[in-house]
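First the structure, in the form of structure tokens, and then the observations on it.
There are 2 protein chains.
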Amino acid sequence: MLDDRKAAILRAVVQEYIETAQPVGSGHVARAPGVDVSSATVRNEMAGLEAEGYLRQPHTSAGRVPTEKGYRFFVDHLQRPVRLPGRSAEEVRGFFARAHVEAEQMLAETSRLLSDLTNLTGVVVAPSGPPEAAVRSVQLVTLGASAAVLVVVLSDGSVEKRTIEVPDGVGDERASAASAHLTLHLAGTRRGARAVVPHTGDRAVDDLTARALDAIAGPPPDDPDLVYLGGTARMAQAFDAIETVREVLAILEQQIVVVTLLRDVIDRGLAVAIGSETGVAPLAECALVVAPYEIEGERAGTIGVLGPTRMNYPQALAAVAVVSNRLSDRLTER
Amino acid sequence: MLDDRKAAILRAVVQEYIETAQPVGSGHVARAPGVDVSSATVRNEMAGLEAEGYLRQPHTSAGRVPTEKGYRFFVDHLQRPVRLPGRSAEEVRGFFARAHVEAEQMLAETSRLLSDLTNLTGVVVAPSGPPEAAVRSVQLVTLGASAAVLVVVLSDGSVEKRTIEVPDGVGDERASAASAHLTLHLAGTRRGARAVVPHTGDRAVDDLTARALDAIAGPPPDDPDLVYLGGTARMAQAFDAIETVREVLAILEQQIVVVTLLRDVIDRGLAVAIGSETGVAPLAECALVVAPYEIEGERAGTIGVLGPTRMNYPQALAAVAVVSNRLSDRLTER
DNA sequence: GTTGGCACTCGGTACACTCGGCTGCTAACT
DNA sequence: AGTTAGCAGCCGAGTGTACCGAGTGCCAAC
């Protein structure tokens, strides 16, 4: 643990570094509010902080820069929660007051909102459909000779679609019969559960329902709408090494990695993952701030922002928290 | 028009510049195959090409670099169509041989395929739903008290969803009645056309159908799945000016701009749009290679690749052409 | 019309040098 | 004992100079 003075010095270093992106020297720290000692004393203390792993020097005779451990301590102990500046709060309010056509679209726009608020990349992971919602309706529509579309409407308003093959010459009547039968027996059951559907008299219809059930139960064809990114372009400003930018963007293109990353961080009970804490090597110079959001009190999905480790943590935390709350409200009220 | 020798020189400059990304001097050009004159002659000719606007010098006493006009001439007259290298052809074949769960997902993966083939950013614009496909089925499912989901299945297997408000207390029976009524009268009509649906006896049902029709006719809530990008990270390597990368990425985040851009280029009958020809200022240093694809002989959507103006045009054209053909086949056969 | 030769231009690199910011240490001070 | 001022030293960034090499334009000769 750090004594008060060391803590104050560490805070000053982190804050200044976040602002200027330049290694910060003892002179600046001594001048910072809350640090009322001379630069010489600061130098002594900084040497200690470096020995303990909170700071490091890019090269001899340069200022100090926070390490991951330094940022971590800052986030955990040195930063006081901050309110979103008025303008931003206004923007959030305005955003959620506006009407949004569809939930999916709202999530996509939310990622852009997060990005605008923080000047970082915004991430929204959609509610994990599977076990949550109950089936509201099932419909089978034939297409051409041997294909059909299976449409499942869930109680949360989402719609799942699956294309399946059907025996040649299944008529509209049989498809409707199967639809009605499926809806009757699946309505109210959870999307994940494998329900038992009794046979009808008609073998062709039973065949159809069986195929439909397989399709529903099958692995959800990893939904392309699972994660929404906003402001990825801002990554290009966050780092001056073009190679870093490329690596980070490459990671962001892999939806599965992003989803797993966010879930993982949330599951570990973290609100902030710094550098290697993300568990993704190319994100060594990035930090992630996340928060879950809820629908009717149940955890639904996750939002977050991704940026360089020297991001403005208080601001990012505030933005993510506010948006998560408003989003939860918005998704619950309907 | 350019005489043969000038053309050969221009070709050599473009080809070398595409390879090396360095201004190319008379010496290199003289050594290029197809140019059998001395470097002095090349110098004279290059001065001419510069005067005519095909080349320019980044600064006095540097080599020459192609201008937009130079690339344009190269694309139009100097490049012979090229086959995709065996490995790539194999990759394309393998890709389309594999099973794909849903059309949307295949399109998303196709954009990645394009990116892999060319080392550029791949773009796929989904079939423009509106006027093309015929309605196959309409279903209205109530959700809670006053909301309902309208699900329209089209003959091409795509599913559109719209959330609408309905009067309180509309029961499942009325919703089903409206669904059946709508399906009956809309089936076979084109998605865009405003059909006339006769009244039923039931006022509540008529009210529902009217609302549903409004929702269908209304502006399609710009579908988030309209455009798929693959390999945007490669943009970060294409340019060394980080600011250019940022601008281009920012453009790519605006789906509408991308869609409009591709449609526009296709509509102008172009296969390649170079720099300002794109009509988008931040893409001044980019070029776009596009091709339409078809479903059952009808133009459906567009694919393309975006990269720096000094991209490998023959390769990009070949890749886009092959993928467009295979994709058309794949989407038609079903 | 083409070519070799030549003078010239200019970006890039290497090097020396300065400047400024920062450190660590020590000695003096409270 | 803890704090501070002062100082010597370090080192990156920036600047000026010299030089090299790639490339050009022009001219005279072929």
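Chains as they are written, first to last, in my numbering: chain A, 377 to 710; chain B, 377 to 710.
Heads up, the beta-carbon is just placed ideally off N, CA and C, and yes, glycines get one too.
Quick caveat: nothing in here was measured; it's all calculated off a predicted structure.
Checklist entry - Over what stretch of residues does the alpha helix (DSSP H) that includes Thr486 (chain A) continue unbroken? => result Where Thr486 (chain A) is concerned, the enclosing alpha helix (DSSP H) stretches over 479-494.
Next on the checklist: Please return the same chain residues whose Cβ sits closer than 6 Å to the Cβ of Ser415 (chain B), not counting the five positions on each side in sequence.
Outcome noted: The beta carbon of Ser415 (chain B) lies closer than 6 Å to those of Ser402, Gly403, Ala406 in the same chain, with the five residues before and after it left out.
Next on the checklist: On a Cα-Cα basis, can you pick out the residue from A:Tyr393, A:Met422, A:Leu493, A:Val656 that is closest to Glu466 (chain A)?
Outcome noted: Taking the Cα of Glu466 (chain A) as reference, the smallest distance to any Cα among A:Tyr393, A:Met422, A:Leu493, A:Val656 is reached at A:Leu493.
Checklist entry - Is the distance from the Cβ of Pro440 (chain A) to the Cβ of Leu431 (chain A) below 8 Å? => result Before going further, note that residue 440 (chain A) is Arg rather than Pro in the sequence given. Result yes, Cβ atoms of Arg440 (chain A) and Leu431 (chain A) sit closer than 8 Å.
Checklist entry - Smallest Cα separation from Leu707 (chain B): which of B:Gly545, B:Val527, B:Val666, B:Ser534? => result Residue nearest to Leu707 (chain B) within the set B:Gly545, B:Val527, B:Val666, B:Ser534 is B:Ser534 (criterion: CA-CA distance).
Item to check | Top-ranked residue by Cα proximity to Leu605 (chain B), from B:Gln630, B:Glu478, B:Ala614, B:Ala586 | outcome: Of the listed residues, the one whose Cα sits closest to Leu605 (chain B) is B:Gln630.
Next on the checklist: Quick check: is the beta carbon of Asp616 (chain B) nearer than 8 Å to any beta carbon in chain A?
Outcome noted: For Asp616 (chain B), the answer is yes, since a Cβ of chain A falls inside 8 Å of its Cβ.
Item to check | Partner residues on chain B for Glu478 (chain A), Cβ-Cβ distance less than 8 Å | outcome: Neighbours of Glu478 (chain A) on chain B, chain order: Lys537, Arg538, Thr539, Pro597.
Item to check | C-beta contact flag for Ser513 (chain A) and Asp544 (chain A) at 8 Å | outcome: Against a cut-off of 8 Å, the Cβ pair of Asp544 (chain A) and Ser513 (chain A) comes out as no contact.
Next on the checklist: Below 8 Å on C-beta distance, what does Thr608 (chain A) contact in chain B?
Outcome noted: Thr608, Leu625, Glu629, listed in chain order.
Next on the checklist: Does the structure place the stretch 445-452 of chain A close enough to the stretch 387-394 of chain A that three or more beta carbon pairs sit under 8 Å?
Outcome noted: Judged by Cβ distances under 8 Å, the stretch 387-394 of chain A makes contact with the stretch 445-452 of chain A, as three or more pairs qualify.
Next on the checklist: Bridge partners for Leu530 (chain A) per DSSP, in chain order?
Outcome noted: DSSP output for Leu530 (chain A) lists A:Val511 as bridge partner(s).
Checklist entry - With a cut-off of 8 Å, do at least 3 Cβ pairs link the stretch 618-626 of chain A to the stretch 579-595 of chain A? => result In this structure the stretch 618-626 of chain A does not lie against the stretch 579-595 of chain A, because fewer than three pairs of beta carbons, one per stretch, are closer than 8 Å.
Checklist entry - Does the distance from the C-beta atom of Leu638 (chain B) to that of Val681 (chain B) stay below 8 Å? => result Contact: no.
Next on the checklist: Relative to the C-alpha of Ala626 (chain A), which candidate in B:Phe615, B:Arg610, B:Asp616 has its C-alpha closest?
Outcome noted: Nearest C-alpha to Ala626 (chain A): B:Arg610.
Next on the checklist: Here's a check: name, in chain order, each residue in its chain whose Cβ is nearer than 6 Å to the Cβ of Ser324 (chain A), leaving out the five neighbours to either side.
Outcome noted: Residue 324 (chain A) cannot be examined here, being either before or after the span of chain A that is shown, 377 to 710.
Checklist entry - Looking at chain A, which residues of the stretch 509-522 of chain B have a Cβ within less than 7 Å of any of its Cβ atoms? => result Answer in chain order: Arg512, Ser513, Gln515, Val517, Leu519.
Checklist entry - In terms of residue numbering, what span does the alpha helix (DSSP H) encompassing Gly470 (chain A) cover? => result First-last of the alpha helix (DSSP H) with Gly470 (chain A): 462-473.
Item to check | Contact between the stretch 693-702 of chain A and the stretch 466-481 of chain A (3+ Cβ pairs under 8 Å) | outcome: Touching, yes, given that three or more Cβ pairs across the two stretches are closer than 8 Å.
Item to check | Under 8 Å between C-beta atoms of Ala556 (chain B) and Ile540 (chain B) | outcome: Cβ atoms of Ala556 (chain B) and Ile540 (chain B): not closer than 8 Å.
Next on the checklist: Please tell me whether Ser414 (chain B) has its Cβ less than 8 Å away from any Cβ of chain A.
Outcome noted: No, Ser414 (chain B) does not count as interfacial toward chain A.
Next on the checklist: Starting from Tyr430 (chain B), trace the beta strand (DSSP E) in both directions and tell me its first and last residue.
Outcome noted: Looking at the DSSP string, Tyr430 (chain B) is not in any beta strand (DSSP E), and its letter there is neither H nor E.
Checklist entry - With a CB to CB cut of under 8 Å and the five nearest residues on each side skipped, what residues in its chain are close to Val656 (chain B)? => result In its chain, beyond the 5 residues on either side, Ile627, Val633, Leu637 have a beta carbon closer than 8 Å to the beta carbon of Val656 (chain B).
Item to check | Complete runs of the beta strand (DSSP E) confined to the stretch 627-677 of chain A [at least 3 residues] | outcome: The stretch 627-677 of chain A contains, as complete beta strand (DSSP E) runs of 3+ residues, the segments 648-650, 662-671 (chain order).
Item to check | Members of the stretch 456-470 of chain A near chain B, C-beta cut-off 7 Å | outcome: Under the 7 Å Cβ criterion, the stretch 456-470 of chain A contributes no residue.
Checklist entry - Anyone know if the C-beta pair for Val500 (chain A) and Val635 (chain A) falls short of 8 Å? => result Result no, Cβ atoms of Val500 (chain A) and Val635 (chain A) do not sit closer than 8 Å.
Item to check | Where Ser487 (chain B) meets chain A, residues with beta-carbon distance less than 8 Å | outcome: At a beta-carbon threshold of 8 Å, none of the residues of chain A lie near Ser487 (chain B); the nearest stands roughly 10 Å away.
Next on the checklist: Against Ser531 (chain B), what residues of chain A qualify as contacts under a CB-to-CB distance less than 7 Å, listed in chain order?
Outcome noted: The answer, in chain order, is Leu519.
Next on the checklist: Counting only C-beta atoms, is Ala612 (chain B) closer than 8 Å to chain A at any point?
Outcome noted: It does; some Cβ of chain A falls within 8 Å.
Checklist entry - What residues in its chain sit with their C-beta under 6 Å from that of His476 (chain B), if we drop five residues either side in the sequence? => result Excluding its 5 nearest sequence neighbours in each direction, His476 (chain B) has C-beta neighbours in its own chain below 6 Å: Met482, listed in chain order.
Next on the checklist: Can you confirm whether Arg474 (chain A), when its beta carbon is compared against all beta carbons of chain B, has any partner nearer than 8 Å?
Outcome noted: Not one chain B Cβ lies under 8 Å of Arg474 (chain A).
Checklist entry - Three-state secondary structure (DSSP) at Gly577 (chain A)? => result Coil, per DSSP.
Item to check | Cross-chain neighbours of Val525 (chain A) in chain B, by beta carbon under 7 Å | outcome: Within 7 Å Cβ-Cβ: Val529, Gly533, Val535.
Checklist entry - With distances taken between CB atoms, is the gap from Val648 (chain B) to Leu460 (chain B) smaller than 8 Å? => result No Cβ-Cβ contact shorter than 8 Å links Val648 (chain B) with Leu460 (chain B).
Item to check | chain A within 8 Å of Val621 (chain B), Cβ atoms only | outcome: Cβ-Cβ to chain A under 8 Å: yes for Val621 (chain B).
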